[in-house]
Structure formats: C-alpha cells, structure tokens
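Peer 1: Residue numbering for the sequence shown is 6 to 250, as defined by this note's numbering. Built from N, CA and C at the ideal position, the CB exists for glycine as well.
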Amino acid sequence: MEFARPDTLYDVRTHYCAGCGHGIIHRLVAEVIDELGVRERTIGTAPVGCAVLLYDYFNCDIIECAHGRPPAVATGIKRTLPDRIVFTYQGDGDLAAIGTNETVHAANRGENITVIFINNAIYGMTGGQMAPTTLMGQKATTAPSGRGNNLEGPPLKVCELLSSLDGVTYLERVAVSSPRDVTKAKKAIKKAFEYQIEGKGFSLVEVLSMCPTAWRQTPVQAVSFVNNRMKEAFPLGVFKDRDGK
Numbered sequence: 006m007e008f009a010r011p012d013t014l015y016d017v018r019t020h021y022c023a024g025c026g027h028g029i030i031h032r033l034v035a036e037v038i039d040e041l042g043v044r045e046r047t048i049g050t051a052p053v054g055c056a057v058l059l060y061d062y063f064n065c066d067i068i069e070c071a072h073g074r075p076p077a078v079a080t081g082i083k084r085t086l087p088d089r090i091v092f093t094y095q096g097d098g099d100l101a102a103i104g105t106n107e108t109v110h111a112a113n114r115g116e117n118i119t120v121i122f123i124n125n126a127i128y129g130m131t132g133g134q135m136a137p138t139t140l141m142g143q144k145a146t147t148a149p150s151g152r153g154n155n156l157e158g159p160p161l162k163v164c165e166l167l168s169s170l171d172g173v174t175y176l177e178r179v180a181v182s183s184p185r186d187v188t189k190a191k192k193a194i195k196k197a198f199e200y201q202i203e204g205k206g207f208s209l210v211e212v213l214s215m216c217p218t219a220w221r222q223t224p225v226q227a228v229s230f231v232n233n234r235m236k237e238a239f240p241l242g243v244f245k246d247r248d249g250k
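#1: Can you give, in chain order, each stretch of the beta strand (DSSP E) that sits fully within the region 150-209 and has at least 3 residues?
#2: Using the C-alpha atoms, what's the distance from C216 back to A145?
#3: Can you give me the C-alpha to C-alpha distance between R46 and F92, rounded to a whole angstrom?
#4: What number of angstroms, rounded off, separates the C-alpha of C55 from the C-alpha of V243?
#5: Taking contact to mean 3 or more Cβ pairs, one atom from each stretch, closer than 8 Å, check whether the region 119-132 and the region 77-97 are in contact.
#6: Drop a sphere of 10 angstroms on the beta-carbon of L86, count the other beta-carbons inside from all chains shown, and report buried for 16 or more, exposed for fewer.
#7: Smallest Cα separation from D16: which of R32, C22, Q226?
#8: Apply the 10 Å Cβ neighbour rule to Q226 and answer buried if 16 or more other Cβ atoms are within range, or exposed otherwise.
#9: If distances are taken between C-alpha atoms only, which option among V57, V53, Y62 comes closest to P11?
#10: Could you check what DSSP says for K83 in three-state terms: helix, strand or coil?
#11: To the nearest angstrom, report how far apart S214 and F8 are at their CA atoms.
#12: Between which two residues does the beta strand (DSSP E) carrying D66 extend?
#13: Is L161 closer than 7 Å to A219 when the C-beta atoms are compared?
#14: If we ignore side chains and look at the alpha-carbon of each, how far apart do N113 and S183 end up?
#15: Beta-carbon within less than 8 Å of I99's beta-carbon, same chain only, minus the 5 sequence neighbours each way: which residues are those?
#16: Do you know how far the Cα of N155 is from the Cα of I38?
#17: Look at the alpha carbon of K195 and the alpha carbon of G49, and state the distance between them as a whole number of angstroms.
#18: Using a 10 Å radius around the Cβ and a threshold of 16 neighbouring Cβ atoms, would you call S169 buried or exposed?
#19: On the CB-based measure, 16 or more other CB atoms within 10 Å of its CB, does P137 come out buried or exposed?
#20: Tell whether a beta-carbon distance below 7 Å holds between V179 and A197.
#21: Evaluate E203 with the Cβ neighbour count: other Cβ atoms within 10 Å of its Cβ, from every protein chain shown; 16 or more gives buried, anything less gives exposed.
#22: DSSP state of D99, grouped into three classes?
#23: Helix, strand or coil for T19, going by three-state DSSP, please let me know.
#24: Less than 7 Å between C-beta atoms, sequence neighbours within five positions excluded: which residues of the same chain meet that for E157?
#25: What separation, rounded to the nearest whole angstrom, lies between the Cα atoms of E199 and Y175?
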C-alpha cells in the first residue's frame with residue numbers, strides 16, 4: 006500500500022463543495038500529525054465557517070470555538086496542558102475579521118501553538134460576502150461592484166502584518182492549487198508542527214485555497230483564479246523563520 010487515508014482522518018463523506026481546497030488541506034494536516042506520531046496528544050480548535058464541522062473529519066480531540074476565538078481557546082489549552090500539540094484551523098473571516106484581536110495578541114505573546122489559516126478571499130459559508138482578504142476589484146455580495154480603495158480599502162495581508170511581531174517564530178504562505186504547491190504546503194505545515202513540538206513558539210501557515218461556489222466559478226476556473234490573481238495579491242513564501250531551519 007503506497008497511498009491510504011491517514012489515521013487522523015475519519016472515513017466519511019465530505020460536506021465541502023466540489024473544487025474546495027479544504028479537503029486537500031485536511032489531508033495535509035492529518036498526514037503531518039500521523040508522520041510526527043502525535044495524534045493521541047493533539048487537540049485542534051475549530052472555527053465558525055466552512056470548517057465548523059472539523060470534528061467530523063479529524064480523528065483527534067477537536068474543540069468548537071466561538072467565532073474568531075480559536076487562538077484564545079488554543080492558548081488556554083496549551084497553557085493548561087503544555088504537553089499537548091494544539092492547532093487552530095481558521096478561515097479568513099474567523100481569523101482576520103472577528104478574530105483579528107485574538108490572532109495578533111496570541112502571536113505577539115509568542116504562544117506555542119500552530120495556526121492553519123485558510124485564505125479563500127471570501128465568506129464561503131454565509132453566502133459570499135466580502136472578507137478581509139477579498140481582492141481589489143473582486144465582487145462579493147456585499148461589494149457588488151468589486152472591492153475598491155475608496156470604500157473598502159485593500160485586502161489584509163496577515164503574514165506581512167504578523168511578521169513584525171517579536172513573538173512570532175514562523176510564518177509562511179503557501180497554496181494548494183497545483184501538485185507542486187501541495188507538496189510545499191505540506192512541508193510548511195509540518196515545520197509549523199515541528200516548531201511547536203520543539204517549544205519554539207507561535208507559527209502560522211497561510212494557505213491560499215479555492216472557493217468555486219462563492220466565487221461563482223467552476224473548479225477549473227477557481228484553480229486559475231488562485232494561480233493568476235491570488236498569488237499576485239498574496240505572494241507565496243516564508244515571511245519569518247526565526248530559526249531559519
């Protein structure tokens with residue numbers, strides 16, 4: 006057997022839309038947890054958003070959080086149970102809108118947690134409203150003419166924003182819109198978990214992901230949108246690696 010379902014993923018039918026990137030990212034996180042041998046002591050925190058049902062997929066402890074609060078909940082878990090491996094899994098609305106405060110202060114304090122940040126530039130679960138990461142000119146139900154400078158301002162760039170904070174150990178932006186990107190994304194996620202195991206502090210991996218339904222595109226068009234539009238607005242790469250490992 007060369008390719009099988011990770012032990013950290015349940016064998017269940019997905020609720021995600023066709024072409025969505027969440028399924029790919031779920032698998033990458035699960036593979037990393039398996040490879041590091043930490044499933045029995047891993048605790049994830051689920052957001053409010055498309056990944057609200059995270060506990061239906063991950064075969065490890067998952068705690069549901071109030072909207073935007075996973076970093077605060079993860080902080081409490083890690084401080085109470087420092088031997089556990091704690092990660093948050095959050096979308097752009099959860100992490101960069103209602104949860105901006107929790108994200109910034111957890112990062113600034115250098116909390117020893119791993120944050121998986123899914124950036125699909127839209128509110129997917131609630132009907133396609135403009136998110137903090139919606140691109141300039143991109144249309145949304147709350148920005149029918151497209152995001153502009155005069156009213157909405159430019160999109161929030163989370164990795165760039167957090168890179169100035171002394172408490173941050175590791176920041177990298179990746180994508181899952183090609184096989185090569187998926188391979189790089191897994192390496193980044195694994196490093197973020199390894200740094201937590203080694204007690205090095207706050208790590209965040211931002212993943213550019215497809216959302217065909219809210220973008221009103223086919224899955225193929227959505228992949229093209231990530232490759233041709235999102236990567237231009239949100240350049241891939243390492244924004245901070247304090248250890249340079």
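Peer 2: Let me spell this out:
#1: 173-180
#2: Cα atoms of A145 and C216: separation of roughly 12 Å, rounded to the nearest angstrom.
#3: 11 Å
#4: In this structure, the CA atom of C55 is about 26 Å from the CA atom of V243.
#5: Because the criterion of three Cβ pairs below 8 Å is met, the region 119-132 and the region 77-97 touch.
#6: exposed
#7: R32
#8: exposed
#9: The residue from V57, V53, Y62 with its alpha-carbon nearest to that of P11 is Y62.
#10: helix
#11: Cα to Cα, S214 sits roughly 23 Å from F8.
#12: 66-69
#13: no
#14: 33 Å
#15: Sequence check: residue 99 is Asp here, not Ile. The answer, listed in chain order, is P52, V53, G54, H72, G73, P75.
#16: 44 Å
#17: 15 Å
#18: exposed
#19: buried
#20: no
#21: exposed
#22: Correct three-state label for D99: helix.
#23: In the structure shown, T19 sits in coil (DSSP, three-state: anything other than H, G, I, E or B).
#24: M135, A148
#25: 11 Å
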